[in-house]
Amino acid sequence: MKPALIIGSTCVDVIIHLDHLPVTQEDLHPSSQTMAIGGCAYNVSHIMRLLDAPHTFISPVGTGMYGNYVADRMQAAGIPVSVRIPDRDNGCCYCLVEASGERTFLSYHGVEYTFQESWMEPYDASSFGLTYICGLEVEEPTGICLISWLEKHPGLELCYAPGPRGCRISREKTDRIMALHPMLHINEQESLDLTGAGSYEKAADILNGRTGNTVIITLGSKGAYCLEKGGAHYLTVSPPVPAVCDTIGAGDAHIGTILACLTKDIPLPQALAYANLVAGAVTMVPGASLPPDRVPPFSGL
């Protein structure tokens, strides 16, 4: 298959560990605070780089403390900064990690979540197969520009991750994206919120009916459910994870692994099983970026 095109954010994750989420007027003392490079699209691209999957990463980088941090980290890793915006700041994501390892995000958006069609002029859309976008970029005002660009290139096979704010995206934007027949990657709660269904199986049926394409619903430690475009459906169970550090970036790693496998023509059921392994490995390390020496082996890659 042709290389993939990954479009979206790179931001700074400010990771704050605490026993539990605060309530009004409570005074908590976090046990630690760290900074790391992150962002949904960056996390997807990171996994694809680890798996040596062909792709191009388009991510705007601004200025300010967070923009400079992102640019420095990307350059140190040998990752091209495809779009640099000199007069607008990057934002950050405050990742509140509870003792259980579950995370809650407070995203302060900057230029990293914006999109301009002019950024794509150096790239020939016909040279790509799959493309990935996230709902966080679509929700922004410039999300309509991203949708317009995709509509002009129907040859791209879209993979769309609506995310936890997918149900807040306007009906017009959602209808236009669904009309592009995307493969959907979504977690269980997001699928229920987006459809109003009472189960993830019913949610998959509804979403498949809207897109006419594959729906993948991640189920945390239970694995992932897939309803393929042709009607086949199955649950792929995840192996047990010995100890969860945090769940930051696990979903991004899951879809990044699937995209990496698909660019190598690995069948979706095998890709899904391997994605469960990789996502589990991400939960065992701090933050979203899996170190190269922690990538689970898979002979098909």
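The opening residue of the sequence shown carries number -19 in the working numbering; numbering runs sequentially from there.
Cβ atoms here follow ideal geometry from the backbone N, Cα and C, with glycine treated the same way.
As the structure is a prediction and not an experimental result, all values here were calculated from the model.
Considering only the beta carbon of each residue, do G267 and G58 sit closer than 8 Å?
Working through the sequence shown from its first residue, we reach residue 267 at position 287. Working through the sequence shown from its first residue, we reach residue 58 at position 78. It is not a contact, given that the beta carbons lie outside the stated cut-off.
Can at least three beta-carbon pairs, one atom from the region 212 to 226 and one from the region 73 to 92, be found at a separation below 8 Å?
yes
Alpha helix (DSSP H) segment containing V258, residue limits:
Stepping through the sequence shown from its first residue, residue 258 is reached at position 278. Unbroken alpha helix (DSSP H) run through V258: 248 to 263.
Roughly how many whole angstroms lie between the Cα atoms of K202 and A255?
Start at 1 with the first residue of the sequence shown, and residue 202 comes out as number 222. Start at 1 with the first residue of the sequence shown, and residue 255 comes out as number 275. Cα to Cα, K202 sits roughly 13 Å from A255.
Could you please give me the residues that DSSP links to Y205 through a beta bridge?
Along the sequence shown, one-based indexing puts residue 205 at 225. Paired residue(s): I197, L215.
Complete beta strand (DSSP E) runs within the region 73 to 134 (minimum length 3 residues, chain order)
Listed in chain order, they are 83 to 88, 110 to 114.
Reduced DSSP category for E170 - H, G, I as helix; E, B as strand; rest coil:
Start at 1 with the first residue of the sequence shown, and residue 170 comes out as number 190. In the structure shown, E170 falls within a helical segment according to DSSP collapsed to helix, strand and coil.
So if DSSP puts H35 in a beta bridge, which residue, or which two residues, is it bridged to?
For the purposes of this step, residue 35 is taken as the residue at position 55 of the sequence shown. Looking at the DSSP assignment, H35 forms a beta bridge with A(-16).
What does C(-9) pair with, by DSSP beta-bridge criteria?
For the purposes of this step, residue -9 is taken as residue 11 along the sequence shown, with counting starting at 1. G18, per the DSSP bridge assignment.
Three-state class that DSSP yields for Q5 in the structure shown
Position 25 of the sequence shown holds residue 5. The answer is coil: DSSP assigns Q5 none of H, G, I, E or B.
Three Cβ pairs or more, each shorter than 8 Å: is that satisfied between the region 236 to 246 and the region 44 to 61?
no
Distance CB(V217)-CB(T263) smaller than 8 Å
Here residue 217 refers to the residue found at position 237 when the sequence shown is read from its first residue. Here residue 263 refers to the residue found at position 283 when the sequence shown is read from its first residue. The answer is no: Cβ separation not under 8 Å.
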